[in-house]
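Asker:
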Amino acid sequence: MNLVGNWSYPTTIKFGAGRIAELPDACASAGMKNPLLVTDKGLANLPVTQDTLAILDAAGLGRSMFSDVDPNPSEINLAAGVAAYKAGGHDGVIAFGGGSGLDLGKMVAFMAGQTRPIWDFEDIGDYWTRADTAAIAPIIAVPTTAGTGSEVGRASVITDSVSHVKKIIFHPKVLPTVVICDPALTVGMPKFITAGTGLDAFAHCVEAFSSPHYHPMSQGMALEGMRLVKEYLPRAYADGADLEARAHMMSAAAMGATAFQKGLGAIHALSHPVGAVYNTHHGTTNAVFMPAVLKFNAPAIHDRFDAAAAYLGIDGGFDGFCTYVQDLNNSLMIPSNLGALGVGTDRLDDLVTMALKDPSCGGNPIELTAQNLCEILDDALR
Ligand SMILES: [Fe+2]
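Quick note: numbering that gives the first Met the number 0 has the sequence shown finishing at residue 381, numbered continuously throughout.
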């Protein structure tokens, strides 16, 4: 197996098993002498994290870690992280983990030198220009899951702990300077996380591919990303130590997140509020929504998914693709509806209101309204 590469798009990516050993070099190239590794509570004591701290320590870079990060990180986690960063006199952040560790780590580097509150930088219009660009600390990203793709993204999702709304914070300089994609870091992922995160990558590709905006580069990436998931997610799920499958899933994750510059859609618009209100796993929630959203978007995406199905080796065009998605969910033990995921019917109006405000709405191929979001929710509940 020779799945190793140095890529410069969309940022510097050092890809390959074992390349976590190059973290000290990455720190040097990013100008960090005293980095703060930011990860989540669940990862803090696992060997994958402790081994990484040992690599830093051996290179004279210390072993500072902040891990008070919830599965859906909030502005409270962020304030604590910024305080730790300042108290330690750090000069950069190593964002380490799955979506929560990566997103919060990126925000600690972003907010370390800002004076305005985090919500002033929500991804609305040109709010990002309010930030003091020169005060943003350098970021190295090291994913330990294969799904979010946050390692190649210019935004983070932070949950408002008061309103329970997931907000997207965007700035071009939040894109990490260096990414180390080491698939060996993902071999210990449990099956549930392998499935959920892998299907998040798949949802990024499907929604980017469905988006009506003109971005042929993203379209190509989304299509090949779907192919990698189709071929390698079942293998990574069946055998977590299958390093080739883990590597291709790590690529698919980075590709999905790069592709969704073209747009996301109803899956994410609905998944964000459901995750914020019911604390469900993001990728798993996406997977539950996907069949209903594909059915809803059918009039707008039927033809392009006929072509995608042919490329993916799926018989039956768009309809065959929908059957494939349902079968994939079933084979990965994804709950068959929102109820099985733990979502009640008591706050449907709130979910719709929150979904309508989600920036992901803008990439859906059919305009989303309170009425049709309600119908999709209803379908996903059954
Ligand atoms: Fe996602």
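We put the CB at the ideal spot given by N, CA and C, even for glycine.
Under 8 Å, do N285 and L198 count as touching if we go by C-beta distance?
Answerer: yes
Asker: Could you compute how far the alpha carbon of A306 sits from the alpha carbon of G224?
Answerer: 15 Å
Asker: Alpha helix (DSSP H) containing N76: first to last residue?
Answerer: Note, N76: alpha helix (DSSP H), 74 to 86.
Asker: Near D349, what residues of its chain come up, given a Cβ to Cβ distance below 8 Å and the 5 sequence neighbours on each side ignored?
Answerer: P272, V276
Asker: Around the C-beta of T196, are 16 or more other C-beta atoms found within 10 angstroms, so that it is buried, or is it exposed?
Answerer: buried
Asker: Pick from P211, Y126, I117, V37: whose alpha carbon is nearest that of I139?
Answerer: V37
Asker: Does the beta-carbon of T196, which I'm using as the reference point, lie nearer than 7 Å to any heavy atom of ligand 1?
Answerer: No; taking the cut-off as 7 Å, the Cβ of T196 has no heavy atom of ligand 1 nearer than that.
Asker: Say the cut is 7 Å; is the CB of N285 nearer than that to a heavy atom of ligand 1?
Answerer: yes
Asker: Can you tell me whether R381 is buried or exposed, with buried defined as 16 or more other CB within 10 angstroms of its CB?
Answerer: exposed
Asker: Determine whether the beta carbon atoms of A94 and R245 lie at a separation below 8 Å.
Answerer: no
Asker: Could you check where the beta strand (DSSP E) with K166 kicks off and where it finishes?
Answerer: Looking at the DSSP string, the run of the beta strand (DSSP E) that includes K166 is 165 to 169.
Asker: For M64, write down the residues that DSSP places opposite it in a beta bridge.
Answerer: Looking at the DSSP output, M64 bridges to L36.
Asker: Compare the C-alpha of Y296 against each of I266, P34, S66 and name the closest.
Answerer: The amino acid occupying residue 296 in the given sequence is Asn; Tyr does not appear at that position. The option with the nearest alpha carbon to N296 is I266.
Asker: Is it buried or exposed, K32, if we count other Cβ atoms within 10 angstroms and call 16 or more buried?
Answerer: exposed
Asker: Consult DSSP for P405 and reduce its assignment to one of helix, strand or coil.
Answerer: This structure cannot settle anything about residue 405, because the visible part of the chain is limited to 0 through 381.
Asker: By Cβ distance below 6 Å, which residues in the same chain neighbour A79 in space, the five residues on each side in sequence not counted?
Answerer: Same-chain partners within the cutoff: D67.
Asker: So, do the stretch 210 to 221 and the stretch 230 to 237 have three or more beta carbon pairs nearer to each other than 8 Å?
Answerer: no
Asker: What are the start and end residues of each continuous alpha helix (DSSP H) run of 4 or more residues lying completely inside the stretch 244 to 328, in chain order?
Answerer: Given a length threshold of 4 residues, each whole run of the alpha helix (DSSP H) inside the stretch 244 to 328 is given here in chain order: 265 to 277, 281 to 311.
Asker: How many Å lie between P23 and A58 at the Cα?
Answerer: 6 Å
Asker: By the 10 Å Cβ neighbour count, where 16 or more other Cβ atoms means buried, how is Y248 classified, buried or exposed?
Answerer: One point to set straight first is that residue 248 is Met, not Tyr, in the sequence displayed. By the neighbour-count rule (16 or more Cβ atoms within 10 Å), M248 is buried.
Asker: Does the beta carbon of H280 fall short of 7 Å from some heavy atom of ligand 1?
Answerer: no
Asker: So, is A86 buried or exposed, given that buried needs 16 or more other C-beta atoms within 10 angstroms?
Answerer: exposed
Asker: Among R115, I167, T147, which one has its Cα closest to the Cα of E121?
Answerer: With respect to the C-alpha of E121, the residue from R115, I167, T147 having the closest C-alpha is I167.
Asker: Assuming S81 and V107 are in contact, meaning their beta carbons sit under 8 Å apart, how far apart are those beta carbons, in whole angstroms?
Answerer: This sequence places Val at residue 81; Ser is not what is there. V81 to V107, Cβ: 6 Å. Contact.
Asker: Just the Cα atoms here: how many angstroms apart are S382 and L327?
Answerer: Examination of residue 382 is not possible in this model, given that the chain is present from 0 through 381 alone.
Asker: Using the Cα positions of F65 and L337, report the straight-line distance between them to the nearest angstrom.
Answerer: 34 Å
Asker: Please determine whether the Cβ atom of T147 lies at a distance below 7 Å from any heavy atom of ligand 1.
Answerer: yes
Asker: Taking the alpha helix (DSSP H) that P233 belongs to, which residues open and close that run?
Answerer: 215 to 237
Asker: Report buried or exposed for H212, applying the criterion of at least 16 other Cβ atoms within 10 angstroms of its Cβ.
Answerer: So H212 ends up on the exposed side.
Asker: To the nearest angstrom, how far is it from the Cα of T11 to the Cα of P72?
Answerer: 26 Å
Asker: Taking the straight line between their C-alpha atoms, what separation do you get for L355 and P364?
Answerer: 15 Å
Asker: Hey, quick one: how far does the beta strand (DSSP E) through G152 stretch, first residue to last?
Answerer: It is not in any beta strand (DSSP E) - G152 carries neither H nor E in the DSSP assignment.
Asker: Helix, strand or coil, according to DSSP, for E121 in the structure here?
Answerer: strand
Asker: Label S210 either buried or exposed according to how many other C-beta atoms from any shown protein chain fall within 10 Å of its C-beta, with 16 as the threshold for buried.
Answerer: Classification for S210: buried.
Asker: Would DSSP call N437 helix, strand or coil?
Answerer: Within the shown structure, residues of the chain are numbered from 0 to 381, placing residue 437 beyond reach of any answer.
Asker: Output the distance between the C-alpha atoms of T147 and T283, rounded to the nearest integer angstrom.
Answerer: 12 Å
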